[in-house]
Each structure stands twice: as structure tokens, then as C-alpha cells.
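Quick note: to get our numbering, add 3 to the position in the sequence shown (first position is 1). Glycine included, each C-beta is placed from N, C-alpha and C at the ideal position. Because the structure is a prediction, the values reported are computed rather than measured. Notes to accompany the following structure.
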Amino acid sequence: AAGFADLVARTLAQAERAALRGVLWLDERPAVFAARSPSLAEHLYPDFRDAAEPRFEPARVAATDVAHLYYTSGTTGRPKGVMLTHGNVTTHALAAIAELGIASTDTWGHFAPLFHLADAWATFAFTQVGARHVLVPRFEPELALAAIASSRVTITNLVPAMLNLMVRHPRLAEHDLSSMRAILSGGAPIAPEVVRAVSAAFGCEYVQTYGMTETSPYLTLSLLSPKLRALPPDEQLAWRAKTGRPFLTVELEVRGENGAPVPPDGTSVGEICVRGPTVTPGYWRDEEATRAAFDERGFLRTGDLAVLDAEGFVNIVDRKKDMIITGGEKVFSTEVEHVLYAHAAVLEAAVYGVPDATWGERVCAAVALRDGRNASADELIAHCRRELAGYKVPREFRFVDALPRTGSGKITKQPLRDAHAARS
Numbered sequence: 004a005a006g007f008a009d010l011v012a013r014t015l016a017q018a019e020r021a022a023l024r025g026v027l028w029l030d031e032r033p034a035v036f037a038a039r040s041p042s043l044a045e046h047l048y049p050d051f052r053d054a055a056e057p058r059f060e061p062a063r064v065a066a067t068d069v070a071h072l073y074y075t076s077g078t079t080g081r082p083k084g085v086m087l088t089h090g091n092v093t094t095h096a097l098a099a100i101a102e103l104g105i106a107s108t109d110t111w112g113h114f115a116p117l118f119h120l121a122d123a124w125a126t127f128a129f130t131q132v133g134a135r136h137v138l139v140p141r142f143e144p145e146l147a148l149a150a151i152a153s154s155r156v157t158i159t160n161l162v163p164a165m166l167n168l169m170v171r172h173p174r175l176a177e178h179d180l181s182s183m184r185a186i187l188s189g190g191a192p193i194a195p196e197v198v199r200a201v202s203a204a205f206g207c208e209y210v211q212t213y214g215m216t217e218t219s220p221y222l223t224l225s226l227l228s229p230k231l232r233a234l235p236p237d238e239q240l241a242w243r244a245k246t247g248r249p250f251l252t253v254e255l256e257v258r259g260e261n262g263a264p265v266p267p268d269g270t271s272v273g274e275i276c277v278r279g280p281t282v283t284p285g286y287w288r289d290e291e292a293t294r295a296a297f298d299e300r301g302f303l304r305t306g307d308l309a310v311l312d313a314e315g316f317v318n319i320v321d322r323k324k325d326m327i328i329t330g331g332e333k334v335f336s337t338e339v340e341h342v343l344y345a346h347a348a349v350l351e352a353a354v355y356g357v358p359d360a361t362w363g364e365r366v367c368a369a370v371a372l373r374d375g376r377n378a379s380a381d382e383l384i385a386h387c388r389r390e391l392a393g394y395k396v397p398r399e400f401r402f403v404d405a406l407p408r409t410g411s412g413k414i415t416k417q418p419l420r421d422a423h424a425a426r427s
């Protein structure tokens, strides 16, 4: 708790002029927090609830008023305070209702962290139509599966690591999951084989999602058009595993190095740039970061590299900062990760670049193996050589119990680079 309190205190110090007046603690108040933020009023939730008066006066707000400050996960640097307006949040909720067919008969399972928009967006959209919310105190596969069965959850969002744990849970078959109609997932690429396993385990549609805190969050969904739904099931899997087509209200371009849109050929790589009513107006008290994030036409530069196909689907190949250049050749880490995930012993993989005096950078991989499975570096190198050009094959492997993650569950590669630098 003290570590969390320190993080909260540092965040509030950066946002101290945001008219923040109090902190509401759901549990015990960490003693360390008082020393860091003595000027804020603090309340324990039970006391605050019991003292409340049953009066309500709706606030008068404009669509452009800031509704929330969300701090980015910091996978590419210092977390920044993302401003989301009432218009951003409301528009996203209405778009999600339309895209996913959310109705009052639905029940959302809050199994991912509520402090992250990957789950929090559902608070607004599902409440807006009078749907139900089911919460668990923490994520554990058994708790989540039991909640789906007992509360008849119909739709939820799970990061790939959570999906892996649930699909492989030894008591999966004991739970009635027939209420589920869709599972959303994002934050990391997914292979078609994993989509097949998830759909089979839960008996429902799988939807790959992509978004950012800055965009409320969804930018794309892998919802299939009638044309794609007419394809054989195995062919549909490849489309469901893609990053997806633009979310309702989002204007999306994939731009090459010259700034022009890339052709929809499925091979030309460019940066995803977006604008629309769900996109943040900028970062709190950080004009420099805001200017750097947007172009002269008001498009947000996402920093994600992707290809665009003839059906309007984008497929992310890497983040700009994660792309590796070795011997003058570009290596997209997700391509290598997909190959590693296809190995039977690999549970999770993260591919990253480290400095190399000869090649500029060399390709490295951190791998977590499945319980009871073994694989050596030589075995994984041989596996990669069968699928990849030689310069894309990792030169070094680091075996770990688990990959480093942000609080929202995303794999973060900077600690892997830092650990390599510390060993060098």
C-alpha cells in the first residue's frame, strides 16, 4: 500500500492545480500518504458514505469540459496526464453501444483493472443502457470463471495473459459459460490459433481491440463485415486476430515516412494517425507533449506502426520505439513474437533490441515457458530460423518466470532493456 500511496502522491503533485480537493480511500489510509500530500482532504469510504445526504443537483458541464485525468501507463516513458472531456467519454460510450449492440440485458464482467480505460469505458457505456456490472475483488482465473457462471456475464475484456490463464485453467469445463456472447481483448498481438482456442473455450465471438488512453480508448475492433462473416471459419480466424477496422467516429490514416497515406496493400508499413470526437484535447499541464503528439491537421500520432488492407483493416506490426534496426534492416518485434508464440513450450515472449557495436542493434528475446514444458535457446533459435530471415532471429534469449507488465497488464519492454544494460 505504501508503494501505491507514493505513486498516487507523485501523480497528484504533478496535477496539483487540477482543482483536486480530496482523496477517497476504499480501505485503510496509508500513513506514508499524509506526509506526501498534507493539503488534501482525506476520507474513508464507509465514513463518507454514511455521512452523505440524499440530495442530488446535476452539475452544469459543457462537452469540452475535462471530465477525467488518466495517467498513461508509461510503457514508452514518463506517464502523462491525459485529459478526457465529457464529450470524449460520452461519444465513446454511444459508439460502443452501437458497435457492440450493448443492451439492458447485458452484463459486463469487470475482471481487468478498473483504473485502466480498457475496462473503465464499460462503466459509462453499460450504465447508459441500464445493463449490469459484475466485479471481482481481484483477478484470479477461478474467481472470473465463477463470476461468469453465477452472474451470467455476457461480455468482458481480458488482456492476453488473463485469457491464457483462464483457457488453461484445470476446472474450466466445470463452469457454465454459455451466457457469454463476446470476449474483447487487446494490449498485445494475438495469433489465430489462440483466437480459435479462446472461442472454443468460451463458446462465443472473439473481438481483438486496439486503443489508447488518449482515445477513450477504442480506435479499432476486429468486428467482421457480412462479407468476411461469409468466409469459412478458419479464414475468419485470421481476420479476427487482426488489429481491426476503425471504431465508429474515428478517422484513421496509416502514413508512410513521407507523411502520405500508405496504399491498402497489406504490406506497406506506416504510422497510425487518428482524429475524431473521442480523441483527447491534450496532456494536463504539458503543452510541449501536446504539440509533439498532434500534427497540423489535428491528427494524433499514435506511435504504432501498421499495415492497411483492402478491407480497411489495420494490423499493427510494432511500436515505433520497439522497431529494431540491425545492420540497416528493420525488424518488427511482433513478427518475431508471433513465431515464438507458435512454439509449444512458449507461454509469453517479448522481443526487443539492444545496442551492438557491429550491427547497431541486435535482436533479443525474453521468454516465459509453459508449466511443465522445456526449451533451450538453441531450440528456439532453430524454430525461428525455419520461419524468419536470418537477421530477424534473436541472437540472445533470456528465460524468465513472467514478463514485466504495467499496472494495466501490458507487457513493457524497457525493464528488459534496462536489465540488459545493467548486465553489460
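A direct Cα-to-Cα measurement between HIS386 and LEU419 gives close to 22 Å.
DSSP places LYS323 in the helix class (H, G or I) of the three-state scheme.
For MET86, the three-state secondary structure derived from DSSP is strand. The segment 237 to 249 makes no contact with the segment 129 to 148; the number of CB pairs closer than 8 Å stays below 3.
Around the beta carbon of ASN261, a 10 Å sphere encloses fewer than 16 other beta carbons of the protein chains shown; the residue is thus reported as exposed. If the five residues before and after PRO144 are omitted, its C-beta is found closer than 7 Å to the C-beta atoms of LEU168, MET169 and HIS172, all from its own chain and listed in chain order. The criterion of a C-beta distance shorter than 8 Å is not satisfied by SER202 and PRO163. Judged by DSSP in its simplified three-state form, ALA185 adopts strand. Secondary structure note for ASN160: its beta strand (DSSP E) is the uninterrupted segment 158 to 160. Under the three-state reduction of DSSP output, HIS113 falls in the strand class.
Just measuring C-alpha positions, the residue of LEU234, VAL253 and GLY206 sitting nearest LEU224 is VAL253. Put simply, the segment 364 to 373 does not touch the segment 306 to 316. Fewer than three CB pairs are less than 8 Å apart. Straight-line measurement puts the Cα of ALA292 at about 12 Å from the Cα of ASP298. With contacts defined by Cβ atoms closer than 8 Å, ASP122 and ASN160 form a contacting pair. Boundaries around VAL370 are those of the beta strand (DSSP E), 363 to 372, since no alpha helix (DSSP H) includes it. Counting C-beta pairs with one atom in each stretch, the segment 47 to 60 and the segment 82 to 102 have fewer than three that are closer than 8 Å, which means they do not touch. For ILE275, the pairing in a beta bridge is given by DSSP as VAL257. DSSP places TYR74 outside any alpha helix (DSSP H); the residue lies instead in the beta strand (DSSP E), whose first and last residues are 69 to 74. Secondary structure at LYS333: strand, using DSSP grouped into helix, strand and coil.
Counting only the Cα atoms, GLU208 lies some 39 Å from PRO61. In the structure shown, the three-state DSSP call for HIS386 is helix. Taking C-alpha positions only, ALA353 is separated from ALA422 by approximately 14 Å. Around the Cβ of LYS83, a 10 Å sphere holds 16 or more other Cβ atoms; the residue is buried. For LEU47, there is no enclosing alpha helix (DSSP H); the residue is found in the beta strand (DSSP E) stretching over 44 to 47.
Our two residues, LEU117 and PHE129, have alpha carbons roughly 14 Å apart in a direct line. Under DSSP, the beta-bridge partners assigned to HIS136 are TRP111. For LEU308, the CB contacts under 8 Å within the same chain, skipping 5 residues up- and downstream, are VAL272, GLY273, GLU274, ILE275, ILE319, VAL320, ASP321, ARG322, LYS323, MET326 and PHE335 in chain order.
Under DSSP, TRP28 shares a beta bridge with LEU47.
Counting only the Cα atoms, ARG63 lies some 11 Å from HIS89. Judged by DSSP in its simplified three-state form, ASP53 adopts helix. Under DSSP, LEU224 takes part in a beta bridge, and its partners are THR212 and ARG248. A residue is called buried once 16 or more other Cβ atoms fall within 10 Å of its Cβ, and LYS230, having fewer, is exposed. Residues of the same chain with a CB within less than 6 Å of the CB of GLU399, apart from the 5 flanking positions on each side, are CYS367 in chain order. Only residues of its own chain outside the window of five on either side were considered, and among them SER107 have a CB closer than 7 Å to the CB of GLY133, listed in chain order. The continuous stretches of alpha helix (DSSP H) do not include ARG174, and DSSP gives it neither H nor E.
Cβ atoms of LEU251 and LEU222 stay farther apart than 8 Å, at about 11 Å.
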